[in-house]
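Count along the sequence shown from 1, then add 64; that gives the number in the working numbering. We put the beta carbon where it would ideally sit given N, CA and C, even for glycine. Nothing here was measured: the structure is a model prediction, and the numbers come from that model.
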Amino acid sequence: MLFDTHTHLDAEQFDGDREEVIARAVEQGVTRMVNVGFNRETIPTTMKLAETYDFIYAAVGWHPVDAITMRDGDLEWIAELCQHEKVVAIGEIGLDYHWDTSPKDVQQQVFRRQIGLARELKMPIVIHNRDAHEDVVKILREEKASEVGGIMHSFSGSWETAKICLNMGFHLSFGGPITFKNARQPKEVLVQVPDDRLLLETDAPYLTPHPFRGKRNESGYVKLVAETAAELKGVTLEEIASLTTRNALERFGIR
């Protein structure tokens, strides 16, 4: 019983075999997935997936890379979609200082507005953080994100950053990178994360785990992530699958 808490099955990389990819995930024991819509194009396709499959849920938000494209009406659109029974979080939102597509000040403004919306609607948030640990933490604190909490998607920070996020009520989610031989820091952090705050994901089609690194990722590969997490934690695959699925159900408010 596995839960892929962050995937992009609506991506064009799956246009030729989407149904088969989803079926393979189910065969691997994936019982639930959260597909993430993060801009004007992917939010509708995410909603379509969530409405088509009873075991696929949706997170909707505006990605920092696309922050410069966000308009006032888009925030209202997200707010409306959050009333849908299959929408379980606002995200992925945050900061990305790696790709130079949206100015930092615009990213920060869009990030703050979406945290405000989440607090208003009492929805958890899914955080994208790339090369922006200090500013992400600063904004989460200033905007009182601890009131709603959420998920630090594909966590890549230090244990010091992890402790700050945990203290603000966030869960830490890990994906393919923990399977990489040279990924020392995420492995060390995962070992220290309390069992009730640990989540697993794929971020498919990106961040493919070993031994398929370099190829397209799939939600079914969350089993490979779970196997590595179980090894690092010193527990069985069944135990890690059970506890991370239970955590995800509670975090997303899924019965």
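Here the region 145-157 lies against the region 307-319, with 3 or more beta-carbon pairs under 8 Å apart. The residue among 247, 214, 87, 166 with its C-alpha nearest the C-alpha of residue 117 is 87.
Contact annotation, residue 71 with residue 283: C-beta distance approximately 5 Å; criterion of less than 8 Å satisfied.
The beta carbon of residue 176 sits closer than 7 Å to the beta carbons of 203, 207 from its chain, once the five residues preceding and following it are set aside; these are given in chain order. Excluding the 5 residues flanking it on each side, residue 272 has same chain C-beta neighbours closer than 6 Å at 240, 279, 281, in chain order.
Counting along the chain, residue 312 sits inside no beta strand (DSSP E); it lies in the alpha helix (DSSP H) bounded by residues 301-316. In the DSSP assignment, residue 71 falls within the beta strand (DSSP E) that extends over 66-71. Taking C-beta separations shorter than 6 Å and ignoring five residues to either side along the sequence, the partners of residue 107 in its chain run 101, 124, following chain order. Judged by their CB atoms, residue 94 and residue 66 are nearer to each other than the 7 Å cut-off. DSSP places residue 120 in the uninterrupted beta strand (DSSP E) bounded by 120-124. Put simply, the region 206-220 touches the region 186-194. At least three CB pairs are less than 8 Å apart.
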